[in-house]
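J.: Residue numbers (my numbering): 1164 to 1658.
Following this line, the structure appears as structure tokens:
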């Protein structure tokens, strides 16, 4: 059965950054950059300023908050800072304020401070301790396990999961620690639509997403349309940004009340998420969130360091073996240089079989399909005008005839090697049968009511097993770069 791609076709198109509501554990004020008058607020602002919303709109920022305009503007310094933090004291309340500079306005998020507030996270000291802990390992799985254990301890939260994305943005839980009856999901894969593409893009802008209580009553923005942009206000960088109904329902179906996600980046790209869940409301201050944002940088740096070190060794070995093969081609000629010796094209690309089409002949090593199929492959490459490196880990998807021999040809790498005619190196990889444990039926990630206007997330996360056939281990990006370098060498050698 073909899975419906809700990630790109539906969920990925929902404008969650224009939800126009916030969570009510804080409030929002927008002020015009030109004259610092208030142009838009969240309606729950009345709880903190003891004024009606209509009385607040149009007021000067200093008049409303008691904040010195000079201090406010100096906070942004020479213009390089785009976000600053300050304290304000409206109506005798001390509040933390996060201020983000936008093109036409300043976006201010405020949160009350409380003497009775019991922070669950002790900040920079906790970050230092985690750095020291992570310095004890250079193994990816061990580092992930340490991270989830230490985060659970630091935060006093019921469950922590490390969630790694694959090439299709499905996420697999690679480490977890849970208590208080939360369902275990270690090894379970969740479809890409659970964290759709626009949500993933927001994690590149915001390192943390906190939902203290999924049962909250949203506070809408007033007026509805931002008068400076004549559109909904973009809440992409807002800590308090409201949550879509479908995600709140998703959390309810998982038995979660408080939720927080921390991004994990690898070389500037989203690699995974750390999902923290609580069976009751879970509160953090702006300062806690700031320290946790710092912690995500520490975690991402460690993860990237381990992966880059492993990649460096992998690439070094590839380059060494490629250089040996190139030397052998110089010394022994094309066929023997590619196939003979301990360092050969089979080992270089971790292939089970390989064929050289050259000067109207076929030379092969390892496990390859029958002659008729190889003849068809040769004709197919010519018909498709394959003149660049081509790769697939699902050959049946491109060539139906490959189904008959998919056990040994599920993966194929093609390197064109001549400017004078149809000559190729073709490497095959065998079928790698993979069983995926999905968190619920991946074909039913979104359920529509009759009429197709109202929809709901799946209500069951019971393991749904899928066995994937006719695919091979994917070709690594660095292997494709090595293939291109071999192609360049052989084209030059051929001329």
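Yeah, the Cβ is synthetic: ideal placement off N, Cα and C, and Gly gets one too.
Note that this is a predicted model, so its numbers are computed, not measured.
1. Only counting runs of 3 or more residues, tell me where the beta strand (DSSP E) segments fall wholly within the region 1325-1380, in order along the chain.
2. For residue 1288, does the count of other Cβ atoms within 10 angstroms reach 16, so buried, or fall short, so exposed?
3. How many Å lie between residue 1197 and residue 1388 at the Cα?
4. Which residues in the same chain as residue 1557 place their Cβ atom closer than 6 Å to its Cβ, once the five residues preceding and following it in sequence are excluded?
5. Please classify residue 1555: does DSSP put it in a helix, a strand, or coil?
6. Using only the alpha-carbon positions, how far apart do residue 1344 and residue 1443 sit?
7. Shortest alpha-carbon distance to residue 1422 belongs to which of 1462, 1492, 1319?
8. Apart from the five residues just before and just after residue 1222, which ones in its own chain have a Cβ nearer than 8 Å to its Cβ?
9. With 16 as the cutoff for other CB atoms within 10 Å, does residue 1640 come out buried or exposed?
10. Which runs of the beta strand (DSSP E) spanning at least 3 residues fall entirely within the region 1483-1532, listed in chain order?
11. Looking at the strands, I want to know which residues DSSP matches up with residue 1631.
12. What did DSSP end up calling residue 1384 once you bin it into helix, strand or coil?
13. Which partner residues of residue 1247 appear in the DSSP bridge assignment?
14. How many whole angstroms separate the CB atoms of residue 1600 and residue 1573, which I take to be in contact at a CB cut-off of 8 Å?
15. With burial defined as no fewer than 16 other Cβ atoms inside 10 Å of the residue's Cβ, what is the status of residue 1479: buried or exposed?
16. At the level of alpha carbons, what is the spacing between residue 1312 and residue 1433?
17. Assuming residue 1517 and residue 1534 make a contact with CB atoms under 8 Å, what is their CB distance in whole Å?
18. Can you tell me whether residue 1652 is helix, strand or coil according to DSSP?
19. By the three-class DSSP mapping on this structure, what secondary structure does residue 1638 have?
20. Measure the CB-CB distance between residue 1485 and residue 1588 and report whether it falls below 8 Å.
21. So which of 1477, 1508, 1473 has the shortest CA-CA distance to residue 1489?
22. Return helix, strand or coil for residue 1445, following the three-state DSSP convention.
23. Counting pairs of beta carbons, one from the region 1406-1422 and one from the region 1298-1307, are three or more of them closer than 8 Å?
24. How would you label residue 1477, buried or exposed, when you count the other beta carbons within 10 angstroms and need 16 or more for buried?
25. Residue ranges of each beta strand (DSSP E) run of no fewer than 3 residues wholly in the region 1406-1473, ordered along the chain?
26. Short of 7 Å in beta carbon distance, which residues of its chain neighbour residue 1652, apart from the five on each side in sequence? Order them along the chain.
27. Report all residues from its chain with a CB closer than 6 Å to the CB of residue 1262; omit the five preceding and five following residues, and keep chain order.
28. Just how far apart, CA to CA, sit residue 1190 and residue 1453?
29. Given a cut-off of 8 Å, decide if residue 1317 and residue 1336 are closer than it, judged by their beta-carbon atoms.
30. Rounded to whole angstroms, what is the Cα-Cα separation between residue 1596 and residue 1630?
31. Closest to residue 1368 by CA distance: which of 1310, 1376, 1427, 1339 is it?
32. Along the alpha helix (DSSP H) that carries residue 1534, what are the first and last residues, could you check?
33. Per DSSP, residue 1190 forms a beta bridge with which residues?
34. Between which two residues does the alpha helix (DSSP H) harbouring residue 1232 extend?
35. Taking the alpha-carbon of residue 1402 as reference, which of 1260, 1523, 1462 has the nearest alpha-carbon?
T.: Let me lay it out:
1. Qualifying beta strand (DSSP E) stretches, in chain order: 1334-1341, 1371-1374.
2. Residue numbering aside, residue 1288 sits at position 125 when the chain shown is read from its first letter. Residue 1288 should be labelled exposed.
3. Taking the chain shown and counting its residues from 1, the one referred to as residue 1197 is at position 34. Taking the chain shown and counting its residues from 1, the one referred to as residue 1388 is at position 225. Looking at the two C-alpha atoms, the distance is approximately 19 Å.
4. Counting from 1 along the chain shown, the entry for residue 1557 is found at position 394. Result list for residue 1557: 1634, in chain order.
5. Stepping through the chain shown from its first residue, residue 1555 is reached at position 392. Residue state, collapsed to three classes: strand.
6. For the purposes of this step, residue 1344 is taken as the residue at position 181 of the chain shown. For the purposes of this step, residue 1443 is taken as the residue at position 280 of the chain shown. So the two alpha carbons sit approximately 12 Å from each other.
7. Translated into positions along the chain shown, residue 1422 becomes position 259. When only C-alpha atoms are compared, the closest one is 1319.
8. In the chain shown, the residue the question calls residue 1222 occupies position 59. Here residue 1222 has 1200, 1201 as same chain residues with Cβ atoms under 8 Å from its own Cβ, once five neighbours each way along the sequence are excluded.
9. Taking the chain shown and counting its residues from 1, the one referred to as residue 1640 is at position 477. Answer is exposed; the Cβ neighbour count stays below 16.
10. Annotation: the region 1483-1532 contains the following complete segments of the beta strand (DSSP E) (minimum length 3 residues), in chain order: 1516-1521, 1524-1529.
11. Position 468 of the chain shown, counting from 1, holds the residue named residue 1631. Its beta-bridge partners are 1597.
12. Here residue 1384 is taken as the residue at index 221 of the chain shown, counted from 1. Strand, per DSSP.
13. What you label residue 1247 is simply residue 84 of the chain shown in a count that begins at 1. Residue 1247 pairs with 1262.
14. Mapped onto the chain shown, residue 1600 falls at position 437. Mapped onto the chain shown, residue 1573 falls at position 410. With a Cβ gap of about 21 Å, residue 1600 and residue 1573 do not count as contacting.
15. As a first step, residue 1479 is located in the chain shown; it is residue number 316 there, counting from the start. That one is exposed.
16. As a first step, residue 1312 is located in the chain shown; it is residue number 149 there, counting from the start. As a first step, residue 1433 is located in the chain shown; it is residue number 270 there, counting from the start. When the Cα atoms are used, residue 1312 and residue 1433 turn out to be separated by approximately 22 Å.
17. Residue numbering aside, residue 1517 sits at position 354 when the chain shown is read from its first letter. Residue numbering aside, residue 1534 sits at position 371 when the chain shown is read from its first letter. Not confirmed; about 15 Å, so no contact.
18. One-based indexing of the chain shown puts residue 1652 at position 489. In the structure shown, residue 1652 sits in a helix (DSSP, three-state: H, G or I).
19. Locating residue 1638 in the chain shown gives position 475, where the first residue counts as 1. DSSP places residue 1638 in coil when its eight states are reduced to three.
20. For the purposes of this step, residue 1485 is taken as residue 322 along the chain shown, with counting starting at 1. For the purposes of this step, residue 1588 is taken as residue 425 along the chain shown, with counting starting at 1. Taking 8 Å as the Cβ cut-off, residue 1485 and residue 1588 do not qualify as a contacting pair.
21. For the purposes of this step, residue 1489 is taken as residue 326 along the chain shown, with counting starting at 1. Nearest option by C-alpha distance: 1508.
22. Position 282 of the chain shown, counting from 1, holds the residue named residue 1445. In this structure, residue 1445 counts as coil in the three-state DSSP scheme.
23. no
24. Locating residue 1477 in the chain shown gives position 314, counting from the first residue. Per the 10 Å Cβ criterion, exposed.
25. The beta strand (DSSP E) runs of length 3 or more contained entirely in the region 1406-1473 are, from start to end of the chain, 1421-1429, 1432-1441.
26. The sequence position of residue 1652 within the chain shown is 489, counting from 1. Within the same chain, residue 1652 has close Cβ partners 1489.
27. Locating residue 1262 in the chain shown gives position 99, where the first residue counts as 1. For residue 1262, where only same-chain residues beyond five positions count, the Cβ hits under 6 Å are 1247, 1269, 1271.
28. Against the chain shown, residue 1190 aligns to sequence position 27. Against the chain shown, residue 1453 aligns to sequence position 290. Each residue's Cα considered, the two are about 17 Å apart.
29. As a first step, residue 1336 must be located in the chain shown, where it is residue number 173. As a first step, residue 1317 must be located in the chain shown, where it is residue number 154. No, these two residues do not count as a Cβ contact at 8 Å.
30. Numbered from its first residue, the chain shown carries residue 1596 at position 433. Numbered from its first residue, the chain shown carries residue 1630 at position 467. Near 7 Å, if we compare the C-alpha coordinates of residue 1630 and residue 1596.
31. Here residue 1368 corresponds to residue number 205 of the chain shown, with the count starting at 1. Taking only the C-alpha atoms, the option nearest residue 1368 is 1427.
32. Position 371 of the chain shown, counted from the start, is the residue given in the question as residue 1534. First-last of the alpha helix (DSSP H) with residue 1534: 1534-1546.
33. In the chain shown, counting from the first residue as 1, residue 1190 sits at position 27. For residue 1190, the pairing in a beta bridge is given by DSSP as 1273.
34. Taking the first residue of the chain shown as 1, we reach residue 1232 at position 69. 1232-1237 is the extent of the alpha helix (DSSP H) around residue 1232.
35. Along the chain shown, read from residue 1 onward, the residue named residue 1402 stands at position 239. The candidate whose alpha carbon is nearest that of residue 1402 is 1260.
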